[in-house]
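Undergrad:
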Amino acid sequence: PYHDSGIVQNGPELARLGKGKYSKALLLCDYHGSGWEKRYSGIQAEQELQARLTRVTWKDHSLAIVIMPELEEWLLHNYPAIQKHFQITQSQLNEYLSARSSTSPKSIFENMVVRHVGRKPMPRDFAKIGSLASMPAWSKSTSFASVTTALRNWFPENSLLQ
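Positions in the sequence shown are counted from 1; adding 156 to them yields our numbering.
1) Take Asn166 as the anchor and find which of Val212, Tyr178, Ser260 has the nearest alpha-carbon.
2) Does the Cβ-Cβ distance between His272 and Ile244 come in under 7 Å?
3) Nearest-angstrom Cα distance between Val276 and Asn267?
4) Thinking C-beta only, is Ser218 closer than 7 Å to Ser190?
5) His233 to Gly286, Cα distance in whole Å?
6) Less than 7 Å between the beta carbons of Pro236 and Leu209, yes or no?
7) Is it the case that the Cβ atoms of Tyr178 and Val222 are separated by a distance below 7 Å?
8) Considering only DSSP beta bridges, list what Ser218 is partnered with.
9) Can you list, in chain order, the stretches of the alpha helix (DSSP H) that have 4 or more residues and sit fully within the stretch 252-300?
10) If you reduce the DSSP assignment to three classes, tell me which class Ile223 lands in.
11) Would you report the Cα separation of Pro279 and Phe265, rounded to the nearest angstrom?
12) Let me make sure I understand the geometry here. Which of Thr298, Asn314, Lys175, Met291 has the alpha-carbon closest to that of Ile199?
Structure (structure tokens):
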């Protein structure tokens, strides 16, 4: 409920409340919007968040990930899923990407959807793209690879993560 800045401000302390109930803690937030953009680099922000998690009793059972610059970065590793869901041709996709090369992944994605579909992206769009996406393609994202590696290590019996 507190968005990215809430994870930064209170995430480790809120996670501590679940210590007896859960065995692992995963905190994920966007770097943009976290409130740490002027104070820390993305790596420093992640290290600080992890240090706080460790201090509140989640040592060796937690992972803090600060997505650079934001979650939509993951989407941009799965162009075929975006194309299929929104029925965008390769040339249309190239046009959207070249016109927005200096903006954030979130802006690129939102502008693409607004221009092609005529509305802002909705949660169901993300769910559908996720169902069409390629895990190996997403794994090219450093933050996504970190999350899946941690989940595979924590839950090796879950074949869905393999």
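Note that the Cβ used here is the ideal one computed from N, Cα and C, for glycine as well.
TA: This is what the structure holds:
1) The shortest C-alpha separation from Asn166 is found at Val212.
2) Contact: yes.
3) First, the amino acid is wrong: residue 276 is Lys here, not Val. Looking at the backbone, the Cα of Lys276 and that of Asn267 are separated by about 8 Å.
4) no
5) 11 Å
6) In this structure, the beta-carbon distance from Pro236 to Leu209 does not fall below 7 Å.
7) The answer is no: Cβ separation not under 7 Å.
8) Ala181
9) Unbroken alpha helix (DSSP H) stretches of 4 residues or longer found wholly inside the stretch 252-300: 261-273, 279-288, 291-294, given in chain order.
10) strand
11) 13 Å
12) Residue Thr298 is the option with its Cα nearest to Ile199.
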